[in-house]
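As structure tokens, the structure follows; a few thoughts come after it.
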Amino acid sequence: MNQDINCVLVCDCWGCKEWDEEKLQELLILGNCPMELLEKICLTPFQKMKNDICRWTLTGKGNISTSSTWQLARVHHPENNIYNQFWCKVITHSMGVFLWRLVLNRIPVDTKLQWRMMQMASKCRCCKTTAIETAEHLLISSEAARWLWNYFGKWMSRDAESMEDEGRIIPRLRKWRSLFPGTSHLHINFVLPCLIMWFLWLESMTALSKTWNSMLVTSRRESSCTWRKKEDTAG
Ligand SMILES: [Zn+2]
Numbered sequence: 019m020n021q022d023i024n025c026v027l028v029c030d031c032w033g034c035k036e037w038d039e040e041k042l043q044e045l046l047i048l049g050n051c052p053m054e055l056l057e058k059i060c061l062t063p064f065q066k067m068k069n070d071i072c073r074w075t076l077t078g079k080g081n082i083s084t085s086s087t088w089q090l091a092r093v094h095h096p097e098n099n100i101y102n103q104f105w106c107k108v109i110t111h112s113m114g115v116f117l118w119r120l121v122l123n124r125i126p127v128d129t130k131l132q133w134r135m136m137q138m139a140s141k142c143r144c145c146k147t148t149a150i151e152t153a154e155h156l157l158i159s160s161e162a163a164r165w166l167w168n169y170f171g172k173w174m175s176r177d178a179e180s181m182e183d184e185g186r187i188i189p190r191l192r193k194w195r196s197l198f199p200g201t202s203h204l205h206i207n208f209v210l211p212c213l214i215m216w217f218l219w220l221e222s223m224t225a226l227s228k229t230w231n232s233m234l235v236t237s238r239r240e241s242s243c244t245w246r247k248k249e250d251t252a253g
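Counted the way the numbering used here counts, the sequence shown spans residues 19 to 253.
Following this line, the structure appears as structure tokens:
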């Protein structure tokens with residue numbers, strides 16, 4: 019066999035109905051490959067009645083890589099342009115991760131923790147009349163959220179001032195975006211909804227942390243009083 023081993027094709031080693039084992043053996047010897055491979059190659063199934071399908075392609079640089087295989091094998095879903103708002107240079111990395119998790123329903127609001135089997139009552143910290151804390155309530159329909167959306171909506175557009183929609187995260191982002199067609203995703207119009215939700219979330223976390231701190235102080239005071247009472251009784 020005078021063929022360059024790097025240029026051998028499958029058809030060079032395939033007879034009319036089966037692998038040409040003699041040729042394969044020669045190739046394995048030329049390539050210093052273990053003979054056990056011969057059996058594995060011969061077990062490779064062939065679908066003779068079907069056309070060939072490309073399973074692995076070269077990258078643009080002419081290499082073969084696992085990422086090029088993944089690109090070929092994976093199922094390509096339609097692009098979701100909502101994410102363009104999160105992964106851009108005017109949104110910080112922390113904000114982008116938060117917004118991405120928000121869209122995937124991964125932020126730890128009360129209802130999410132309950133869904134995770136945490137035994138707890140839900141009570142929002144954003145309204146005078148308390149409500150169940152969901153992501154939609156916290157970031158869209160709560161008193162504070164509605165005030166913020168209306169306040170910044172007035173700046174941008176008459177239609178954005180009172181957003182009559184389902185009060186859900188993705189429809190809200192899409193509707194806001196539809197009010198400003200042809201605007202770059204780096205424009206303040208597009209960034210504002212992200213900022214509103216991010217800072218509402220930060221405020222909520224700050225309020226939660228204050229609640230926990232006050233509960234901790236109360237708990238320490240109570241345990242201190244109990245300890246003193248015990249000391250008094252013992253004395
Ligand atoms: Zn609320």
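Yeah, the Cβ is synthetic: ideal placement off N, Cα and C, and Gly gets one too. Computed from a prediction, not measured in an experiment: that's the story for all the values here.
Nearest to residue i (by Cα), restricted to the options the options
i, options, result
"S86", "P96, C72 and L61", "C72"
"A162", "P52, T147, M174 and S175", "T147"
"H205", "D70, L157 and I109", "I109"
"E39", "G185, L56, S160 and I82", "L56"
"P126", "M223, I23, L234 and N24", "M223"
"M174", "R195, K228 and E44", "R195"
"L213", "Q137, N24, W167 and V26", "W167"
"E44", "V121, K35, P63 and D22", "D22"
"R192", "N81, V121, N231 and L234", "V121"
Straight-line gap, residue i to residue j (C-alpha atoms, nearest Å)
i, j, result
"M53", "K68", "30 Å"
"K58", "G49", "16 Å"
"T152", "K130", "8 Å"
"F198", "N98", "18 Å"
"W118", "F208", "15 Å"
"C60", "A91", "24 Å"
"F104", "E184", "22 Å"
"V28", "P96", "35 Å"
Cβ neighbours of residue i in the same chain (closer than 6 Å, five flanking residues each side left out)
i, result
"F170", "L210"
"S1", "Examination of residue 1 is not possible in this model, given that the chain is present from 19 through 253 alone."
"A225", "R143"
Chain-order list of residues whose beta-carbon lies under 7 Å from that of residue i (same chain, five-residue window excluded)
i, result
"H155", "C142 and A149"
Cut-off 8 Å between Cβ atoms - residues of its own chain near residue i, not counting five sequence neighbours on either side
i, result
"I188", "I100 and V121"
Length at least 4, wholly inside the region 105-153: the alpha helix (DSSP H) runs in chain order: 111-121 and 128-133
Segments assigned alpha helix (DSSP H), at least 4 residues, entirely inside the region 34-85: 39-48 and 54-60
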